[in-house]
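Here's the structure, in structure tokens; my notes come after.
Protein chains: 4
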Amino acid sequence: MIGVGIIGFGYWGPNLVRNFFQTKGARVRVVCDARPGRLETAAAGYPSVRVTTDPMDCINDPAVDAVAVATPVSSHYDLALAALRAGKHVLVEKPMTAGVEQGRRLVDEAARRGLTLMVDHTFIYMGAVRKIKEIMAQESFGDVYYYDSTRVNLGLFQHDVNVIWDLAVHDLSIMDFLLPQKPVAVSATGMAHVPGRPENVAWLTFYFQENVVAHVNVNWLSPVKLRQTLIGGNKKMIVFDDLHSSEKVRVYDRGITLTEDPESMYTVMVGYRTGDMWAPAYEQTEALRLEAAHFVDCLEHGTSPITGGEMGLRVVAALEAADASLKKRGQLVELPR
Amino acid sequence: MIGVGIIGFGYWGPNLVRNFFQTKGARVRVVCDARPGRLETAAAGYPSVRVTTDPMDCINDPAVDAVAVATPVSSHYDLALAALRAGKHVLVEKPMTAGVEQGRRLVDEAARRGLTLMVDHTFIYMGAVRKIKEIMAQESFGDVYYYDSTRVNLGLFQHDVNVIWDLAVHDLSIMDFLLPQKPVAVSATGMAHVPGRPENVAWLTFYFQENVVAHVNVNWLSPVKLRQTLIGGNKKMIVFDDLHSSEKVRVYDRGITLTEDPESMYTVMVGYRTGDMWAPAYEQTEALRLEAAHFVDCLEHGTSPITGGEMGLRVVAALEAADASLKKRGQLVELPR
Amino acid sequence: MIGVGIIGFGYWGPNLVRNFFQTKGARVRVVCDARPGRLETAAAGYPSVRVTTDPMDCINDPAVDAVAVATPVSSHYDLALAALRAGKHVLVEKPMTAGVEQGRRLVDEAARRGLTLMVDHTFIYMGAVRKIKEIMAQESFGDVYYYDSTRVNLGLFQHDVNVIWDLAVHDLSIMDFLLPQKPVAVSATGMAHVPGRPENVAWLTFYFQENVVAHVNVNWLSPVKLRQTLIGGNKKMIVFDDLHSSEKVRVYDRGITLTEDPESMYTVMVGYRTGDMWAPAYEQTEALRLEAAHFVDCLEHGTSPITGGEMGLRVVAALEAADASLKKRGQLVELPR
Amino acid sequence: MIGVGIIGFGYWGPNLVRNFFQTKGARVRVVCDARPGRLETAAAGYPSVRVTTDPMDCINDPAVDAVAVATPVSSHYDLALAALRAGKHVLVEKPMTAGVEQGRRLVDEAARRGLTLMVDHTFIYMGAVRKIKEIMAQESFGDVYYYDSTRVNLGLFQHDVNVIWDLAVHDLSIMDFLLPQKPVAVSATGMAHVPGRPENVAWLTFYFQENVVAHVNVNWLSPVKLRQTLIGGNKKMIVFDDLHSSEKVRVYDRGITLTEDPESMYTVMVGYRTGDMWAPAYEQTEALRLEAAHFVDCLEHGTSPITGGEMGLRVVAALEAADASLKKRGQLVELPR
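Quick note, the sequences are listed as chains A, B, C and D, same order. Using my numbering, count along the first sequence one by one with no gaps and you end on 346. Using my numbering, count along the second sequence one by one with no gaps and you end on 346. Using my numbering, count along the third sequence one by one with no gaps and you end on 346. Using my numbering, count along the fourth sequence one by one with no gaps and you end on 346.
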């Protein structure tokens, strides 16, 4: 039985508590939050759980084997590092850290101590996303050409991070999961419309070594909420619409056909193909439920998580590079290998 | 009565012929196309019109007062220049020319001769776009923050231009019409997935002198057709969906409210406001019908067209700069003043 | 402080418990369910509440002032009557009873004892529905012509009632709330496709004294879920789409204009008018929250609930008449005055 | 070469002319309309065609082998009968006649003379509808349970027919084409909201000998246009949305599974099955083009048309019975065998 301590009972923490409560092999022992009001709510809902305002009290509790960190980004590093140093496994909210340097240290610390470091990239545990990976792995899908995502809404301005760290982080984890290649450089643009506030709109283009390209559109000031991703390939194309209630994944039997222009050796004729559309059924279980079970499973069997520290670090590196390019109005910034 | 000659009877030419036929004050005299089969079709549909395969024959016909050029982009400059030199007014398909230098010469030639040079930026004559301009001009709209457009579909690969010149040209004309400011620099990214073919996907970010920013997403390899533009402001926001059959324009009473954080002089509190949505009725007349009437009206009264050569030139300059940035993977390129 | 006992902790009961827990002036004292497993769940979530498998134990608890009945329809009458006889106020799930006769007895019993009898017609407490009533009350709305609702999905076959009692009950309560007139007769059709099971698809037409008509389409075997109501009037029309995430209510400035045909005294010319569409903002609070507060408020001030026994009885009478007509393949059945 | 005469050049007639012009084996010889202005338009567009205001002049023209009747319903019978008596084949607009008696006489007259009588039920030649028939014919589709169609919009009030004859006629032809069974009785309800005008809203339920049922919702006073048909079966279900630009047909792998309740011999357990959704590609050619070609083909080979007089008669019989039921507020009316 894995004892779990959860630090942060704000927006996301309650989801972690609820799901770990329903996870076989786990028992929630401690909930920590600096705000007494939040702890009252936690205590009322989960009388069996100990509550505390002191993170170290949670981390050092002998009943706690693993710590879930669901606090603002700026505190991820300190809390996760303290937990690892106390010999506890860690599940940390995304983005893993506020920078690459911090991320690398966490990964090293976990490796040195033989502890599990997992990042809560929830999308990767969603039935729809897994179904997309399954489809893309098939021969019939062909080669990927592009990934183009729009993730906009009238959203809360974050205090410590801009819209890239808040929203594009989702697409970076999905791209890391779905695409066989990793991005090598990024050009980002955007703007901060409110004086003294971080960028609220941004557009990111990621280049890859082959002729693959990715684009992410994030916006905190959109009148409508959109969560739409196009994945284009030479044989098939996918639309992933996360707001559709039942058919989030649509696969289009569309693409181009290339033939040599009979009148010239130098040019290629481009033809079109449009066939059926297909919306596959997929696993409906709540993603966080599957993720909590996967975390416990990794701890019990000593296996590596799908969304481990290395992946979390790649995502942070991409965010950091995008931020740097944004500051320079689209100038290309290379990602670390 | 204005005699009209139309050069090019391919995809768009027939629309010009049909609309000029129904325009008071205009009479279609000549239709020109290099392909005899196209001329047969034109002759069958419009027995009163003379057909010819020779553009100069059309341009020099004394019955022709104005020439409409609906040929591929690469021939716009030569044909329009020849028409102007023959003393004919010109309506040229968009983009006006394949480059800024050519565009400037056309504008100068028309000015020197006192002839009308108009560009067929059809969107500007669409009831929905005019309604948007009307709404944005009202006090209650506030300041514009951004223009963000997605214009993608499974489209024909053009031979002589890339996806920017084919699709982004629409947004550049709409932006020129709607936004009080003109863009000063552009960062563009994209990719050519088919060897030997122009770029089929591109993303453009335009910077303005104030804190306004614009983004355009164009793609010839999208499984679904999207024509959606978000226009965000501090008081209201607009969604323009050109594919909606009846409610293309939706105005959202949404925005942010700023108050000084009482606990600090340095930060701003950002609040949200969500109110009604409103889809105004707008003029339903075919845009090209209004445009043809406007062209004739300008000729009769010697007035300047809304989509005149100067506007066409600004659009070409933006396209050229975007192309240059695309080649340099997002590096900022300034637009000519 | 009103002590509340809740009988039935299946699908809907937990929502009642949760909402009464958050209602000022109410305290949930007892939860009753025949299934021990359900009581375990209730006890785990609400340690302060007493649980019991015996409804009379709940009803007779001196700490219980009001009983909420959330059991299958067939048991509503017995439980509600027992509660009233024990001097307790009653909130009963819709439909109030399985027939008119039972319904009338409950209404009489509550009246005789001066107790509150309220029916849980949740839709009436929904912000969107209240906004529609507000709009229809305005002079500018004009006269109602029809109410036409489609309420279909792939739904669970009920054991004791057919699709009319399960789904049309919602529209009957909404019609009772929105329309100034009450229906006088009904023609219903439908079918039971599964042998030994109740009707799974039905279409109901209600006639009114004036030229108003209502239609309800209910179906347990639809591949897609639809919740769409059209309300037509002579000046404006409304579409209520309960599945839209943010714009459930759309008001269309559309209608007809009548003029006397100048060529004839006997005929009327019908013209059309299409203007703006408007999607008003509305109260977003959970309907059941407002309903629980209203129930407590009625008890505290001795006022009549909006969805009281008389209304519940009218709904049951309409359902019973529709059932009778359905059995006779559409033959008109009059409703009781 | 079949010489074609077209009577009626109002809303639909021009579509017939345009399509027969492009049909191999046919030549449009005469266009007839009582309004000189319409004939001017016809003559301008088709200089090779003779125009006349006299239907008999068209019918008796020796160059005319077949007559297409595109006039108001009330004149179909007289014109079609005159054409048949003159020895001409007939394509008549739907509904074929204003009543069963007239329809039977036309069918008999055509049979007696060995002439082709075809009704312009255009939907039957639409790629989407043919694809649906193909899918329903497959073993995997299973048995049909119901057909439920919504066909509403803000439509023109017709002068001589009510909304049933204007809109439900489409569904009756589609049902005749798709369903293996024919309806045996109908219950219809509806209302005329404008004094002196025909019914503008109606709901029709058709019963079949087996446990199949059909429902059609038609309305001339709807704020929004809807063209949606649900076809439910025990193994698969179809949604046909004629307003969708590209995916009009969606096939749902959904249905119910029946098992005997282990605890009882008398009841059936109903389970659910939800699988993939599939939107097949289908023929995109304009339906009327295919229909014109089919008409010519039938004449050339002496074969029977898919939408011949017998089918047209069944549709008229269903409309007449629905009208009778509507007058009696839903009372069941049997259809002639």
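Idealized CB from N, CA, C, for every residue including glycine. Since the structure is predicted, the reported quantities are computational estimates derived from the model, not experimental observations.
Taking only three categories from DSSP, how would you classify residue i?
{"i": "T50/D", "result": "helix"}
{"i": "Q111/D", "result": "helix"}
{"i": "V37/A", "result": "strand"}
{"i": "E343/A", "result": "strand"}
{"i": "D74/A", "result": "coil"}
{"i": "P192/A", "result": "strand"}
{"i": "N226/C", "result": "strand"}
{"i": "V26/C", "result": "helix"}
{"i": "V248/A", "result": "strand"}
{"i": "I68/C", "result": "helix"}
Restricting to Cα atoms, I'd like to know which of the options is closest to residue i.
{"i": "R44/C", "options": "L267/C, D180/C, G19/C, D169/C", "result": "G19/C"}
{"i": "L126/B", "options": "W21/B, A91/B, L299/B, K337/B", "result": "A91/B"}
{"i": "D169/B", "options": "N209/B, V195/B, P189/B", "result": "N209/B"}
{"i": "V138/B", "options": "P345/B, A330/B, C41/B, P289/B", "result": "P289/B"}
{"i": "L163/B", "options": "E102/A, G280/A, I141/A, E343/A", "result": "G280/A"}
{"i": "V40/C", "options": "L322/C, L115/C, A75/C, G199/C", "result": "A75/C"}
{"i": "D306/A", "options": "A327/A, E148/A, L100/A", "result": "L100/A"}
{"i": "W212/D", "options": "A89/C, F249/C, D157/C", "result": "D157/C"}
{"i": "Y154/D", "options": "S182/D, I133/D, P189/D, V178/D", "result": "P189/D"}
{"i": "I141/A", "options": "V324/A, A89/A, Y261/A", "result": "Y261/A"}
{"i": "V225/B", "options": "S196/B, L252/B, V233/B", "result": "S196/B"}
{"i": "L344/A", "options": "L181/A, V248/A, L239/A", "result": "L181/A"}
{"i": "I265/D", "options": "R206/C, F217/C, K245/C", "result": "R206/C"}
{"i": "I144/D", "options": "M320/D, G14/D, F249/D", "result": "F249/D"}
{"i": "D175/A", "options": "A194/A, E219/A, M135/A, H130/A", "result": "H130/A"}
{"i": "L299/C", "options": "D117/C, E319/C, L25/C", "result": "L25/C"}
{"i": "L322/B", "options": "A77/B, V58/B, R121/B, K103/B", "result": "K103/B"}
Between which two residues does the beta strand (DSSP E) carrying residue i extend?
{"i": "L235/B", "result": "230-242"}
{"i": "R59/D", "result": "59-61"}
{"i": "F18/D", "result": "That residue, F18/D, is in no beta strand (DSSP E); it is neither H nor E in DSSP."}
Which stretch, first to last residue, makes up the alpha helix (DSSP H) that contains residue i?
{"i": "V203/A", "result": "From DSSP, V203/A is part of no alpha helix (DSSP H); its letter is neither H nor E."}
{"i": "Y86/C", "result": "85-94"}
{"i": "A211/D", "result": "Segment 210-217 is the beta strand (DSSP E) holding A211/D; no alpha helix (DSSP H) there."}
{"i": "D332/A", "result": "318-336"}
message: Extract the residue ranges of the alpha helix (DSSP H) inside the stretch 100-183 of chain D, only unbroken runs of 4 or more that lie entirely within it.
response: 109-122, 136-145, all fully within the stretch 100-183 of chain D.
message: Report the start-end ranges of each alpha helix (DSSP H) in the stretch 258-312 of chain D that is 4 residues or longer and not cut off at the edges.
response: Runs found: 296-310.
Interface positions of the stretch 276-309 of chain B facing chain C (Cβ-Cβ less than 9 Å), listed along the chain: The residues in question are T283, G284, D285, M286, W287, A288, P289, A290.
query: In the stretch 37-59 of chain A, which residues sit with their C-beta less than 7 Å from some C-beta in chain C, listed in chain order?
result: Cβ contacts with chain C: P56.
message: Tell me which residues of the stretch 228-240 of chain C have at least one Cβ-Cβ distance to chain D shorter than 8 Å, keeping chain order.
response: Within the stretch 228-240 of chain C, the residues whose Cβ lies closer than 8 Å to some Cβ of chain D are N228, L230, S231, P232, V233, L239, listed in chain order.
message: Which residues of the stretch 245-262 of chain C have a Cβ closer than 7 Å to any Cβ of chain B? Give them in chain order.
response: Residues of the stretch 245-262 of chain C that bring their beta carbon within less than 7 Å of a beta carbon in chain B comprise E256, in sequence order.
Cβ-based contacts, 8 Å cut-off: residues of the stretch 184-196 of chain C near chain D: From the stretch 184-196 of chain C, only A194, S196 have a Cβ closer than 8 Å to chain D.
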